[in-house]
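Engineer:
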Amino acid sequence: MYPLLPVLELTVEYKPVRRGSKRVLEVSRAFGLGWLGRGFTVFKGFRLEWVDPAVIYVTGESGGGKTTLLRAFKRLYGPEAITIDEVEVDEEEVLCEAIGRDTKEALYYLSMAGLAETYLFIRSYGELSAGQRYRYRLAKMFYRAVGEGKKAVIVDEFCSLLDRTTAKVVAYLTQKLSRRLGLTLVAASSHTDIVEDLNPDVLVVKPFLQPPVVEHRDAAPKPFTLSNLVRIVEGRFRDYFKLERFHYKGFRPAYPAKVFKAVYGREAIGVIVYSHAPMACRCRRMVFGSNLWDYVKSGRLLVISRVVVHPKWRGVGLGVRLVGETLPRCGADIVEAMAAMAVYNPFFEKAGMRLGCSYTVEHDESLRKLNELLSRYGFDPRFRTSWRMVYDWLEKLDGEKLEEFKKNLSKLRLPRVNRKTVELRRRLKTGGWVSLHSLATYLFSYPTPGMKYNYYYWLNPRVEGLPQPRRAAA
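Numbering-wise, numbering that gives the first Met the number 0 puts 228 at position 229 of the sequence shown, and it's gapless, one number per residue.
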């Protein structure tokens, strides 16, 4: 037997109050309503069928009956549906700790709700803006729906709090998430500008005091509506400066070779930086069997040192476009990338790069001594991943302690990270002046034992005779 389709039948009529208070009588006389007045019908014999899972969007004028219809959906699904109003949140809960069974799943749900800024992952709910709070509750609603085996999620005033570009992005991400999870999404708002990005299977338009209009649509996958207005063009290193505050690394990439930017109107909303590759790379040796010095010295091997997308535009495929469309235009025979974020979001692979290997930072002797030194001066090495915590700790050290710490730090033989770390280490050894900002960046820039990185590579298909990888990714 075929499963029965969900059917919603609804008749709703509102009537005036029956109380004969002084003010009710005055209004009735003034406007000729009579003692009882006239009622008005919101829905009369309304019937709707659909196939679960589906995306259903209810829109129309305020007061037209959208919320009434959503209540009917909730009654129909009963305990198998969850509404966003049922999501309980503690003011002190940290975003990445309250959602997901592990870090990867937590970042996935947060990103799919439009909360892809790395600094937001470790903030508490009480620190968020109204729009961010809304998106967090949206993410938590989906997580609870999956964990509790719900069939449907119901959201009133969908994206009403958000600016319209962010609303379009969140609508696009939300419908993708609900379809991937096999959930029916029932959403309502008065905004019609998100219809194409929400891409509903069923669109219900409910005018005020008029019958609803139902449209069953072809909801085949579609790109984000604003994508065709975004251009990927060649840029300059200064274009990166405009967006660097949105990147999780606290220092600028060294030796830039090529820069491209994503432009929407006149605004740069994304940037990718290709840099000259370091002469030695452990993962490169693991994958290719050598450091490929000839390619490095000639500039035919470049490294993607930064990919930054404005938080408002994350999740709609812009990072994939920045990488995929610029690889053939960067002028290199071989391109490599090594990133921690790619462990959680494999956008390099989606853009056409191949995973060469994964690497976990080991507890080597130099990093062990660095951590011991930090502990000796009262700083927990685990928090070295936070630039702000490192800086605040340095600020609290008195002058004598700080100078003593810098002197001991200069004696450590730490590996080179980039050009700036080399210069700063030279200043430490010679007793030169080093700002707290630079010192915090120096300590922050070294990898923390246990951190995971993925190494990706791309071989230009137009160039013959390129070295081939000797090992496949584990």
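The beta carbon of each residue, even a glycine, is placed where N, CA and C say it ideally should be.
Below 8 Å on the Cβ atoms is my guess for Leu372 versus Leu435; work out the distance and round it to an integer in Å.
Structural biologist: About 17 Å separates the two Cβ atoms, so there is no contact after all.
Engineer: Does the separation of the CB atoms of Ala170 and Asp196 fall below 8 Å?
Structural biologist: Yes.
Engineer: Could you tell me the boundaries of the beta strand (DSSP E) in which Glu214 lies?
Structural biologist: Unbroken beta strand (DSSP E) run through Glu214: Val212 to His215.
Engineer: Phe259 lies in the beta strand (DSSP E); which residues open and close that run?
Structural biologist: Element bounds for Phe259: Pro255 to Tyr263.
Engineer: Compute the distance between the beta-carbons of Phe350 and Gly323, then report whether it is under 8 Å.
Structural biologist: Position check: residue 350 holds Ala in this sequence, whereas Phe was assumed. Their beta carbons are under 8 Å apart, which means Ala350 touches Gly323 by this criterion.
Engineer: I think Ser357 touches Asn453, with their Cβ atoms under 8 Å apart; what is that distance to the nearest whole Å?
Structural biologist: About 5 Å separates the two Cβ atoms, so the contact holds.
Engineer: Nearest CA to the CA of Gly330: which residue from Gly77, Leu366, Arg132 and Trp457?
Structural biologist: Of Gly77, Leu366, Arg132 and Trp457, the residue nearest in Cα terms is Trp457.
Engineer: If you measure between the beta carbons of Gly269 and Val168, is that distance less than 8 Å?
Structural biologist: Going by C-beta atoms, Gly269 is not nearer than 8 Å to Val168.
Engineer: List in chain order: all unbroken alpha helix (DSSP H) runs of 4+ residues lying wholly within the region 277 to 332.
Structural biologist: Counting whole runs of 4 or more residues, the region 277 to 332 contains the alpha helix (DSSP H) stretches 281 to 287, 292 to 296 and 317 to 325.
Engineer: Output the distance between the C-alpha atoms of Leu369 and Glu243, rounded to the nearest integer angstrom.
Structural biologist: If you take the alpha carbons of Leu369 and Glu243, they lie about 27 Å apart.
Engineer: Near Phe207, what residues of its chain come up, given a Cβ to Cβ distance below 7 Å and the 5 sequence neighbours on each side ignored?
Structural biologist: Excluding positions up to five away in sequence, the list reads Glu60, Gly62 and Gly63.
Engineer: For Tyr142 and Asp84, what's the separation of their Cα atoms in angstroms?
Structural biologist: Whole-angstrom Cα-Cα distance: 14 Å.
Engineer: Hey, quick one: how far does the beta strand (DSSP E) through Glu116 stretch, first residue to last?
Structural biologist: No beta strand (DSSP E) holds Glu116; DSSP gives it neither H nor E.
Engineer: Check the C-beta distance from Tyr239 over to Ala256 and give it rounded, since I have them as a contact under 8 Å.
Structural biologist: 13 Å between Cβ atoms; not a contact.
Engineer: Hey, is the region 62 to 78 in contact with the region 302 to 314, meaning 3+ C-beta pairs nearer than 8 Å?
Structural biologist: Contact between the region 62 to 78 and the region 302 to 314 is absent, because fewer than three Cβ pairs lie under 8 Å.
Engineer: Just to confirm, are Thr173 and Leu225 a CB contact at a threshold of 8 Å?
Structural biologist: For Thr173 and Leu225, no; Cβs fall outside 8 Å.
Engineer: The beta strand (DSSP E) that contains Ser482, what's its start and end?
Structural biologist: This structure gives no information on residue 482, because the portion of the chain shown stretches from 0 to 473.
Engineer: Just how far apart, CA to CA, sit Pro448 and Arg216?
Structural biologist: Their backbone Cα atoms lie some 52 Å apart in a straight line.
Engineer: Counting only runs of 4+ residues fully inside the region 85 to 144, write out the alpha helix (DSSP H) ranges in chain order.
Structural biologist: With a minimum length of 4 residues, the continuous alpha helix (DSSP H) runs that stay inside the region 85 to 144 are 94 to 97 and 102 to 111.
Engineer: Using 10 angstroms around the beta-carbon of Ala29, count the other beta-carbons present and answer buried if the total reaches 16, otherwise exposed.
Structural biologist: Exposed is the call here.
Engineer: Along the beta strand (DSSP E) that carries Gly355, what are the first and last residues, could you check?
Structural biologist: Gly355 -> beta strand (DSSP E) spans Arg353 to Thr359.
Engineer: Tell me the DSSP secondary structure of Glu48 in three-state form.
Structural biologist: Glu48: strand per DSSP, three-state reduction.
Engineer: Grab me the residues of Phe223's own chain with a C-beta within less than 6 Å of its C-beta, minus the 5 sequence neighbours each way, in chain order.
Structural biologist: Correct list, in chain order: Tyr171 and Val315.
Engineer: Drop a sphere of 10 angstroms on the beta-carbon of Lys450, count the other beta-carbons inside from all chains shown, and report buried for 16 or more, exposed for fewer.
Structural biologist: As written in the sequence, residue 450 is Met, which differs from the Lys given in the question. Counting Cβ neighbours within 10 Å, Met450 comes out exposed, since fewer than 16 surround it.
Engineer: Does the Cβ of Asp200 have 16 or more other Cβ atoms within 10 Å, making it buried, or fewer, making it exposed?
Structural biologist: Buried, by the Cβ-count rule.
Engineer: Below 8 Å, how does it come out for the region 45 to 57 and the region 110 to 128: are there three or more Cβ pairs, yes or no?
Structural biologist: Flag = no, the region 45 to 57 and the region 110 to 128 do not touch.
Engineer: With Ala170 as the anchor, note down where its beta strand (DSSP E) starts and where it stops.
Structural biologist: Looking at the DSSP string, Ala170 is not in any beta strand (DSSP E); the run it does join, the alpha helix (DSSP H), is Arg163 to Leu180.
Engineer: Let's see if you can read the secondary structure: which residues bound the beta strand (DSSP E) around Tyr455?
Structural biologist: First-last of the beta strand (DSSP E) with Tyr455: Lys451 to Leu458.
Engineer: Work out the CA separation of Met140 and Glu147 for me, nearest whole Å.
Structural biologist: Straight-line Cα distance between these residues: approximately 10 Å.
Engineer: Could you compute how far the alpha carbon of Val334 sits from the alpha carbon of Val308?
Structural biologist: Distance between the alpha carbons of Val334 and Val308 is about 20 Å.
Engineer: My understanding is that Val41 touches Thr67, with C-beta atoms under 8 Å, so please give their C-beta distance in whole angstroms.
Structural biologist: The pair is a contact, with the Cβ atoms about 6 Å apart (cut-off 8 Å).
Engineer: Cβ atoms of Val302 and Ala279: under 8 Å apart, would you say?
Structural biologist: The answer is no: Cβ separation not under 8 Å.
Engineer: Note down the Cα distance separating Tyr56 from Arg281, rounded to an integer number of angstroms.
Structural biologist: Their Cα atoms are separated by approximately 51 Å.
Engineer: Whole angstroms are fine: how far does the CA of Gly298 sit from the CA of Leu465?
Structural biologist: Approximately 14 Å, taken between the alpha carbons.
Engineer: If contacts are defined as beta-carbon pairs under 8 Å, then Ala105 and Gly99 qualify, I think. What distance do you get, rounded to the angstrom?
Structural biologist: Going by Cβ atoms, the distance from Ala105 to Gly99 rounds to 3 Å, so yes, they are a contact pair.
Engineer: Pick from Arg122, Asp89 and Leu408: whose alpha carbon is nearest that of Ser385?
Structural biologist: The residue with the shortest Cα to Cα distance from Ser385 is Arg122.
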